[in-house]
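Trainee:
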Amino acid sequence: MVARVSRRLSRAWDPFRFDLNLLRELSGIVWPEGRDTRRRSAAMDLRLAGADEAGRGCLAGPLVAAAVILDYARAPFPGLEDLTDSKVLSARARESLYPLILRSAVRVSWVACSPSTIDEDGLHRCNLSALARALENLRGEYRLALVDGFELAFPQLRAQAVKGGDHRSAAVAAASVVAKVVRDRLMRALAPLYPDYGFEEHVGYGTERHMEALRRHGPCTLHRRSFQGVAAPQLELWEE
Numbered sequence: 334m335v336a337r338v339s340r341r342l343s344r345a346w347d348p349f350r351f352d353l354n355l356l357r358e359l360s361g362i363v364w365p366e367g368r369d370t371r372r373r374s375a376a377m378d379l380r381l382a383g384a385d386e387a388g389r390g391c392l393a394g395p396l397v398a399a400a401v402i403l404d405y406a407r408a409p410f411p412g413l414e415d416l417t418d419s420k421v422l423s424a425r426a427r428e429s430l431y432p433l434i435l436r437s438a439v440r441v442s443w444v445a446c447s448p449s450t451i452d453e454d455g456l457h458r459c460n461l462s463a464l465a466r467a468l469e470n471l472r473g474e475y476r477l478a479l480v481d482g483f484e485l486a487f488p489q490l491r492a493q494a495v496k497g498g499d500h501r502s503a504a505v506a507a508a509s510v511v512a513k514v515v516r517d518r519l520m521r522a523l524a525p526l527y528p529d530y531g532f533e534e535h536v537g538y539g540t541e542r543h544m545e546a547l548r549r550h551g552p553c554t555l556h557r558r559s560f561q562g563v564a565a566p567q568l569e570l571w572e573e
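Okay, so the sequence shown: first residue is 334 according to our numbering, each after it adds one.
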């Protein structure tokens, strides 16, 4: 179903082509690439949503889920040629892509799940709920939604799980960038309120500096107290 193409940076996988081929397959329409492709595409509903989350593995701060609609009738999307999974992009690259995604998208949504809610309801439940709410905020203005790795049991969302979706699909990759940028900005904005923890540097991940701060000061209100690294940061192994 998906063509492999040669692109700048020797990128073998084209996430935009993956999305477009999927939309065409849903419509039961197959045609070769040609000069009239855009005219034929305009007659189809080519609005595809992608959803992904950021901060799942953090010890502190919210989990943020984002959803983005790309309308492939408007493709190509200037500036997004190298869009991919946010985890393999530098912070500078994500910040550069963020406004371009907002400009290119039909609609963008994000939802934050607080540390206390994660502790009360569990990480997995919060993850699914945040993804579903982010998609709900798109008001159904899409043909299909692709979700990175998770099945959502809400038929009205028209959502399909895609393993490795943040790499395979441009819509999911766009959502991954939005979620990551929004979350990192939130953590940096909150950092001055908790100067002992260095959130502006690690944004809640379990770095050496973060673990040392937990051992010295204990958890703050931003920490997920149900997480093992937060509940027992003082535990260390010593060789006799």
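Virtual Cβ for every residue (Gly too), placed ideally from N, Cα, C.
Whose C-alpha, out of 380, 348, 395, 353, is nearest the C-alpha of residue 536?
Mentor: Of the listed residues, the one whose Cα sits closest to residue 536 is 395.
Trainee: Do the segment 397-416 and the segment 432-440 meet, that is, are 3 or more Cβ pairs less than 8 Å apart?
Mentor: Touching, yes, given that three or more Cβ pairs across the two stretches are closer than 8 Å.
Trainee: In whole angstroms, what is the alpha-carbon distance linking residue 539 and residue 470?
Mentor: Approximately 31 Å, taken between the alpha carbons.
Trainee: Give every residue of the same chain whose Cβ lies closer than 7 Å to the Cβ of residue 556, excluding the five residues on either side of it in the sequence, and list them in chain order.
Mentor: 392, 393, 448, 563.
Trainee: Report yes if the C-beta distance between residue 505 and residue 385 is below 8 Å; otherwise report no.
Mentor: Cβ atoms of residue 505 and residue 385: closer than 8 Å.
Trainee: By the three-class DSSP mapping on this structure, what secondary structure does residue 442 have?
Mentor: Of the three classes helix, strand and coil, the one that applies to residue 442 here is strand, per DSSP.
Trainee: Which runs of the beta strand (DSSP E), 3 residues or longer, sit entirely within the segment 452-524?
Mentor: Listed in chain order, they are 477-481, 492-495.
Trainee: Among all the DSSP beta bridges, which residues are the ones paired with residue 386?
Mentor: Per DSSP, 398.
Trainee: Sort 383, 550, 379 by Cα distance to residue 485 and report the nearest one.
Mentor: Ranking 383, 550, 379 by Cα distance to residue 485 puts 383 first.
Trainee: Look at the alpha carbon of residue 503 and the alpha carbon of residue 549, and state the distance between them as a whole number of angstroms.
Mentor: Cα-Cα distance, rounded: 42 Å.
Trainee: Kindly identify the DSSP beta-bridge partner or partners of residue 380.
Mentor: Answer by DSSP bridge pairing, in chain order: 404.
Trainee: Output the distance between the C-alpha atoms of residue 426 and residue 389, rounded to the nearest integer angstrom.
Mentor: Taking the straight line joining both Cα atoms gives about 21 Å.
Trainee: Please classify residue 543 as buried or exposed, where buried requires at least 16 neighbouring CB atoms within 10 angstroms.
Mentor: The residue is buried, with at least 16 neighbouring Cβ atoms inside 10 Å.
Trainee: Which term fits residue 519, buried or exposed, when burial requires 16 or more other beta carbons within 10 angstroms of its beta carbon?
Mentor: Burial call: buried.
Trainee: Quick check: what's the CA-CA separation for residue 359 versus residue 348?
Mentor: Cα to Cα, the separation comes out at about 17 Å.
Trainee: Do you know how far the Cα of residue 429 is from the Cα of residue 467?
Mentor: When rounded, the distance between both Cα atoms is 22 Å.
Trainee: Can you check which of these residues, 490, 487, 489, 483, is closest to residue 496 by C-alpha distance?
Mentor: The shortest C-alpha separation from residue 496 is found at 483.
Trainee: Look at residue 397 and residue 445 and say whether their C-beta atoms are less than 8 Å apart.
Mentor: For residue 397 and residue 445, yes; Cβs fall inside 8 Å.
Trainee: Quick one: is residue 513 buried, meaning 16 or more other Cβ sit within 10 Å of its Cβ, or exposed?
Mentor: Residue 513 comes out buried.
Trainee: Roughly how many angstroms lie between the CA atoms of residue 463 and residue 451, to the nearest whole one?
Mentor: Their backbone Cα atoms lie some 11 Å apart in a straight line.
Trainee: From what residue to what residue does the alpha helix (DSSP H) around residue 360 run?
Mentor: Looking at the DSSP string, the run of the alpha helix (DSSP H) that includes residue 360 is 348-360.
Trainee: Please classify residue 380 as buried or exposed, where buried requires at least 16 neighbouring CB atoms within 10 angstroms.
Mentor: Answer is buried; the Cβ neighbour count reaches 16.
Trainee: Leaving out five residues before and five after residue 494 in sequence, what residues of the same chain have Cβ atoms less than 7 Å from its Cβ?
Mentor: Once the five neighbours on either side are set aside, the close Cβ partners of residue 494 are 480, 482, 483, 484.
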